[in-house]
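Engineer: Would you mind keeping the following structure in view while I ask a few things?
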Amino acid sequence: MIYRVINELVEYAYLNLDLKKEDEIYFKNIILGELHLNTFLEEDFNKEFVKTLKTSDYFVEKFTDFLKETHPELTDNEIERKITKIFGIMTQPPSKVIEKFNYLKATQSEKEALDYLFDLSIKNDYVKKSKIDKNMVWSTDYKERNFEVSINLSKPEKSNKDIAKLLVKKPATEEKYPKCLLCKENLGYYGRDDHPARENIRLIPLKLDNETWYLQYSPYGYFNMHCIVLKDTHTNMVINESTFRKLIEFVDTFPYFFVGSNADLPIVGGSILNHEHYQGGEHRLPIMHAKALRYFDIGGNHTSKLSLADWYNTALLIEGEDKEDIVDIATKILTKWREYDDEENNILSHTSETKHNTITPCIKKDGNKYSLYLILRNNRTNEEYPDGIFHAHKEYHHIKSEGIGIIEAMGLFVLPARLIRQSNQIKDGVINNMSDEELTQKYPDMVDNFISMYHDIKNEYQTNNDLDLLVREYINKVCRNILVNTAVFKEDEVGTKGLEKFIGGIKF
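Per the numbering used here, residue 330 is the first one in the sequence shown, and the count goes up by one each step.
Here you go:
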């Protein structure tokens, strides 16, 4: 049986991974070694069946079952590493993948090259498409301010405190290899219990603002063709003038994709702050459908327009065709914001030597027109809001407690998988009309805000018995309130005056 599966994998590699006939025996023998086999027995297989396989799931399942049965001493991590290695060696080496990517880009189109790398990343088990397809995804219905919500089944939930610790440089004796999940040194890395195997990852080198960067796809896949653009060296996240140039150069090269950067500070940044990187993809994030709420006068020397986007947080939009003009405006906004204080709106740029003001930028290109979104961010905490004044407030942490990075800030919420279980528990309680005591006794994690959530849904259940809809609407409201929390200038009189004062103080 296992020999048939090996033959099927070789055929699959011919069809999907550019395997050459001359390499068949070589790869078969390597696979035998990873499966702890000493000989190969020929077994017939159905080539038509192999043609129907769109992902690697079939082989992962078969090899996993075989190794568990024949070598029960192996841990799940060890089995996963062996299978990743098999797919890594069955995939063309990095130089050949780069060669084909560049050939397709030059002779056909950038889109063909991006499609090739994405399909390869699915077929060689790096992008876990089947798991991604199981994520729960929906859109809200909030008129002009719709956003999207997903419950991600593969991404682990992280705390803001753990994320902030990554910025603290450890002694040389504690440095690990690779230094993080985004380092180029992951290419071909076998992995260990605290670091996933990466033999099957492939990187495409890029030049952005005269620096070496790499393009890869995300194994988590928040949206279609979700890519990561990572710096050649392991350096902390930074937002500066060069950031805007790099983002523009990227969409010049790949106009089908948007690209953006997480902020460079904890709480308002992403989950990896110690390696400079961007995120992008084919998707259009919800903020990109927002209209201009109002335009600002920035003087006649500029050909670009500056507006406030009709969005929940404080999002500025620069639109134009002149790249240098856009970079100039964005840099002046960033420079002013870095040092800007407005105590009436709770904005302090620094406390002692600690910086608090930064920006989350994101860009798309349509024809010759660029649209650069700049969300003003501040990560200050105080006694009332120890997790962040402009972060999701404590009463919403049962839904989302991690930092609100670029993806959420731009309107796509990535929520933890635990919410499926917890939502089902709440629905069970409502259906069976449980008391608070009964609910917490059966489901011990149903405390504090989940009890509040339970009562909100239970009350509405009297008039609307669609529990799935009620749970979804509750989550939507919380996510909307979180976006409002992140606004540094609120949509009230004080906030409006504060924003006008900030923009008016910039010398464009």
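Even for Gly, the Cβ is constructed at its ideal location relative to N, Cα and C.
As the structure is a prediction and not an experimental result, all values here were calculated from the model.
Buried or exposed: where does ASP626 fall if 16 or more other Cβ atoms within 10 Å of its Cβ makes it buried?
Structural biologist: As a first step, residue 626 must be located in the sequence shown, where it is residue number 297. Exposed, because fewer than 16 other Cβ atoms sit within 10 Å of the Cβ of ASP626.
Engineer: According to the neighbour-count rule (16 or more other Cβ atoms, all chains shown, within 10 Å of its Cβ), is GLU528 buried or exposed?
Structural biologist: Mapped onto the sequence shown, residue 528 falls at position 199. Counting Cβ neighbours within 10 Å, GLU528 comes out buried, since at least 16 surround it.
Engineer: Could you check if ASN378 is buried or exposed, using at least 16 other CB atoms within 10 Å of its CB as the buried criterion?
Structural biologist: Sequence index remark: in the sequence shown, residue 378 carries index 49 (1-based). Sequence check: residue 378 is Phe here, not Asn. Exposed.
Engineer: Is the distance from the Cβ of ILE408 to the Cβ of THR393 below 9 Å?
Structural biologist: In the sequence shown, residue 408 corresponds to position 79, counting from 1. In the sequence shown, residue 393 corresponds to position 64, counting from 1. Result yes, Cβ atoms of ILE408 and THR393 sit closer than 9 Å.
Engineer: What first and last residue would you give for the alpha helix (DSSP H) that runs through CYS808?
Structural biologist: Taking the sequence shown and counting its residues from 1, the one referred to as residue 808 is at position 479. That run of the alpha helix (DSSP H) goes 796 to 814.
Engineer: Which runs of the alpha helix (DSSP H) at least 4 residues long sit entirely within the region 730 to 772? Give them in chain order.
Structural biologist: The qualifying runs are 735 to 738, 747 to 760 and 765 to 771.
Engineer: Just curious, the beta strand (DSSP E) that VAL466 is in, first and last residue?
Structural biologist: Reading the sequence shown from its first residue, position 137 is the one you call residue 466. Where VAL466 is concerned, the enclosing beta strand (DSSP E) stretches over 465 to 468.
Engineer: Whole angstroms is fine: what's the gap from LEU812's alpha carbon to LYS357's?
Structural biologist: Translated into the one-based positions of the sequence shown, residue 812 becomes position 483. Translated into the one-based positions of the sequence shown, residue 357 becomes position 28. The straight-line gap from Cα to Cα measures roughly 52 Å.
Engineer: Report the option in TYR546, LEU511 and ARG574 whose CA atom is closest to the CA atom of ILE461.
Structural biologist: Taking the sequence shown and counting its residues from 1, the one referred to as residue 461 is at position 132. The option with the nearest alpha carbon to ILE461 is TYR546.
Engineer: Would you mind stating whether ILE418 and PHE369 have Cβ atoms separated by less than 9 Å?
Structural biologist: Mapped onto the sequence shown, residue 418 falls at position 89. Mapped onto the sequence shown, residue 369 falls at position 40. Result no, Cβ atoms of ILE418 and PHE369 do not sit closer than 9 Å.
Engineer: Considering just the uninterrupted stretch of the alpha helix (DSSP H) at THR399, what are its terminal residues?
Structural biologist: One-based indexing of the sequence shown puts residue 399 at position 70. Note, THR399: alpha helix (DSSP H), 386 to 399.
Engineer: Relative to the C-alpha of ASP777, which candidate in GLY517, PHE586, LYS723 and PHE742 has its C-alpha closest?
Structural biologist: Taking the first residue of the sequence shown as position 1, residue 777 is located at position 448. Out of GLY517, PHE586, LYS723 and PHE742, LYS723 has the C-alpha closest to the C-alpha of ASP777.
Engineer: How long is the line joining the alpha carbons of ILE616 and CYS808, rounded to whole angstroms?
Structural biologist: Position 287 of the sequence shown, counted from the start, is the residue given in the question as residue 616. Position 479 of the sequence shown, counted from the start, is the residue given in the question as residue 808. Near 14 Å, if we compare the C-alpha coordinates of CYS808 and ILE616.
Engineer: Exposed or buried, GLY834, counting other C-beta atoms within 10 Å across all chains shown (16 or more means buried)?
Structural biologist: Residue numbering aside, residue 834 sits at position 505 when the sequence shown is read from its first letter. Label assigned to GLY834: exposed.
Engineer: Does DSSP put SER488 in a helix, in a strand, or in coil?
Structural biologist: Taking the sequence shown and counting its residues from 1, the one referred to as residue 488 is at position 159. Bear in mind that the predicted position of SER488 carries a pLDDT of just 47, short of 50, making it unreliable; the figure below should be weighed with that in mind. Reduced to three states, the DSSP call for SER488 is coil.
Engineer: Mark TYR341 as exposed unless 16 or more other C-beta atoms lie within 10 angstroms of its C-beta, in which case mark it buried.
Structural biologist: In the sequence shown, residue 341 corresponds to position 12, counting from 1. Under this definition TYR341 is a buried residue.
Engineer: Assign ILE760 to buried or exposed, taking buried as 16 or more other Cβ atoms, counted over all protein chains shown, within 10 Å of its Cβ.
Structural biologist: Counted from its first residue, the sequence shown places residue 760 at position 431. Classification of ILE760: exposed, given that the 10 Å Cβ count is below 16.
Engineer: Decide if the region 674 to 683 is in contact with the region 641 to 649; the criterion is three or more beta carbon pairs, one per stretch, under 8 Å apart.
Structural biologist: Judged by Cβ distances under 8 Å, the region 674 to 683 makes no contact with the region 641 to 649, as fewer than three pairs qualify.
Engineer: Inspect the beta-carbon positions of GLY628 and GLY734 and report whether they are closer than 9 Å.
Structural biologist: As a first step, residue 628 must be located in the sequence shown, where it is residue number 299. As a first step, residue 734 must be located in the sequence shown, where it is residue number 405. No, they are not a contact pair.
Engineer: Could you compute how far the alpha carbon of ASP508 sits from the alpha carbon of GLY589?
Structural biologist: If you number the sequence shown from 1, residue 508 lands on position 179. If you number the sequence shown from 1, residue 589 lands on position 260. Looking at the sequence itself, residue 508 is Lys, so the reference to Asp does not match. Cα to Cα, LYS508 sits roughly 23 Å from GLY589.
Engineer: In chain order, what residues of the same chain lie with their CB nearer than 6 Å to the CB of PHE742, ignoring the 5 residues before and after it?
Structural biologist: As a working mapping, residue 742 is identified with position 413 in the sequence shown. Only VAL478 and CYS808 meet the Cβ criterion.
Engineer: Going by CA-CA distance only, name the one from LYS376, ASP797, ASP581 and ALA659 that's closest to LEU535.
Structural biologist: On the sequence shown, residue 535 is found 206 positions in, with the first residue counted as 1. When only C-alpha atoms are compared, the closest one is ASP581.
Engineer: Near LEU559, which residues of its chain fall below 6 Å by C-beta distance, leaving aside the five closest residues on each side in sequence?
Structural biologist: By one-based count along the sequence shown, residue 559 stands at place 230. Counting only Cβ-Cβ distances below 6 Å, and skipping sequence neighbours, we find LEU511, TYR543 and HIS606.
Engineer: Can you tell me which of the three DSSP states ILE596 falls into?
Structural biologist: Sequence index remark: in the sequence shown, residue 596 carries index 267 (1-based). Residue state, collapsed to three classes: coil.
Engineer: Below 8 Å CB to CB, which residues in the same chain sit around LEU495 once its five sequence neighbours on both sides are set aside?
Structural biologist: Here residue 495 is taken as the residue at index 166 of the sequence shown, counted from 1. Confidence at LEU495 is low in this model, with a pLDDT of 49, below 50, so the placement of that residue should be treated as unreliable; the coordinate-derived value is given next. CYS509, ILE601, LEU602 and ASN603.
Engineer: Going by the DSSP bridge assignment, what does ASP538 pair with across the sheet?
Structural biologist: Position 209 of the sequence shown holds residue 538. Beta-bridge pairing links ASP538 to no other residue.
Engineer: Grouping DSSP H, G and I as helix and E and B as strand, with all else coil, what is ALA435?
Structural biologist: One-based indexing of the sequence shown puts residue 435 at position 106. In this structure, ALA435 counts as helix in the three-state DSSP scheme.
Engineer: VAL656: buried (16+ other C-beta within 10 angstroms of its C-beta) or exposed?
Structural biologist: For the purposes of this step, residue 656 is taken as residue 327 along the sequence shown, with counting starting at 1. Flag for VAL656 reads buried.
Engineer: For ASP777, which of helix, strand or coil comes out of DSSP?
Structural biologist: To locate residue 777, count along the sequence shown from 1; it is residue 448. Coil, per DSSP.
Engineer: What separation, rounded to the nearest whole angstrom, lies between the Cα atoms of GLU802 and THR469?
Structural biologist: What you label residue 802 is simply residue 473 of the sequence shown in a count that begins at 1. What you label residue 469 is simply residue 140 of the sequence shown in a count that begins at 1. C-alpha separation (whole angstroms): 8 Å.
Engineer: Within 10 angstroms of the Cβ of SER781, are there 16 or more other Cβ atoms? Answer buried if so, exposed if not.
Structural biologist: Counting from 1 along the sequence shown, the entry for residue 781 is found at position 452. So SER781 ends up on the exposed side.
Engineer: Between which residues of its own chain and THR710 is the CB-CB distance below 7 Å, once the five residues before and five after are set aside?
Structural biologist: Indexing the sequence shown from 1 puts residue 710 at position 381. Around THR710: ASP716, GLY717 and ILE718.
Engineer: In whole angstroms, what is the alpha-carbon distance linking ALA526 and ARG574?
Structural biologist: On the sequence shown, residue 526 is found 197 positions in, with the first residue counted as 1. On the sequence shown, residue 574 is found 245 positions in, with the first residue counted as 1. Roughly 33 Å separates the two Cα atoms.
Engineer: For MET330, count neighbouring C-beta atoms within 10 Å of its own C-beta (all shown protein chains included) and say buried if the count is 16 or more, exposed if not.
Structural biologist: Residue 330 sits at position 1 when you count from the first residue of the sequence shown. Exposed is the call here.
Engineer: Where does GLU337 sit, in a helix, a strand or coil, going by DSSP?
Structural biologist: Stepping through the sequence shown from its first residue, residue 337 is reached at position 8. GLU337 falls in the helix class under three-state DSSP.
Engineer: Where in the region 531 to 588 do unbroken runs of the alpha helix (DSSP H), each at least 4 residues long, occur, reported from the N-terminal end onward?
Structural biologist: DSSP runs (the alpha helix (DSSP H)) wholly in the region 531 to 588: 570 to 582.
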